[in-house]
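Participant: The structure that follows is given in the form of structure tokens.
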Amino acid sequence: MSKNLALETHAPAYLSVHDIHAYYGESYIVQGVSFNVHEGEILALLGRNGAGKTSTLRTIARLDNPELVKGEIWLDHKNLHAMKSYEAATNGIALVPEDRRIIPGLSVEENIQLAQIAEPIGWGLDRIYDLFLD
């Protein structure tokens with residue numbers, strides 16, 4: 007069993023979501039979600055249909071709906087909860103739509119290259135590739 011080095015070294019979280027609450031109109035959709043992701047970790051958000059996974063991710067990505075009414079979202083010590091979606095995207099948080107919009111006939115790498123946003127706004131290919139190292 008591998009050990010979580012981030013927890014052992016008490017490293018600060020790269021992404022920290024603390025007690026977020028969000029609404030679609032008057033519907034209370036995201037209720038008190040909190041988690042931390044340290045650099046090098048991968049987090050999976052699992053649940054049945056309608057459980058709020060996409061709404062939670064939309065809230066973190068700072069999209070207009072659902073509306074964040076309480077809580078904090080931090081990315082690499084930057085306050086995302088006060089940002090607009092384009093500002094969050096500039097800082098590295100964006101939502102990939104469920105339909106994925108990949109171009110058939112191209113490899114995964116070719117699709118990533120087409121979608122890449124040049125640094126300093128986005129991540130360079132080297133940093134993206136580093137996400138997939140063993």
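Following our numbering, the numbering of the sequence shown begins with 7 at its first residue and continues without gaps.
By construction, the Cβ of each residue, glycine as well, lies at the ideal position given by its N, Cα and C atoms.
1) Below 7 angstroms CB to CB, which residues in the same chain sit around residue 38 once its five sequence neighbours on both sides are set aside?
2) Taking the CB atoms as reference points, tell me whether residue 42 and residue 61 lie closer together than 8 angstroms.
3) Leaving aside the five residues before and after residue 40 along the sequence, list all residues of the same chain whose C-beta is less than 7 angstroms from its C-beta, in chain order.
4) Where residue 46 and residue 137 are concerned, what is the direct C-alpha to C-alpha distance, given to the nearest angstrom?
5) Quick test of your reading: residue 33 and residue 69, contact by CB under 8 angstroms. State the CB separation rounded to the nearest angstrom.
6) With DSSP as the reference, identify every bridge partner of residue 113, one or two as the case may be.
7) Excluding the five sequence neighbours on either side, which residues of its own chain have a C-beta within less than 7 angstroms of the C-beta of residue 44, listed in chain order?
8) By the 10 Å Cβ neighbour count, where 16 or more other Cβ atoms means buried, how is residue 36 classified, buried or exposed?
9) For residue 30 and residue 56, what's the separation of their Cα atoms in angstroms?
Facilitator: Taking the definition as stated:
1) For residue 38, where only same-chain residues beyond five positions count, the Cβ hits under 7 angstroms are 25 and 27.
2) No, Cβ-Cβ distance for residue 42 and residue 61 is not below 8 angstroms.
3) So the qualifying residues of the chain are 23, 24 and 25.
4) Roughly 8 angstroms between the two C-alpha positions.
5) So it is not a contact: roughly 16 angstroms between Cβ atoms.
6) Note: residue 113 sits in no beta bridge, so no partner.
7) Around residue 44: 12, 17, 19 and 20.
8) Classification of residue 36: buried, given that the 10 Å Cβ count is 16 or more.
9) Those two C-alpha atoms are separated by around 13 angstroms.
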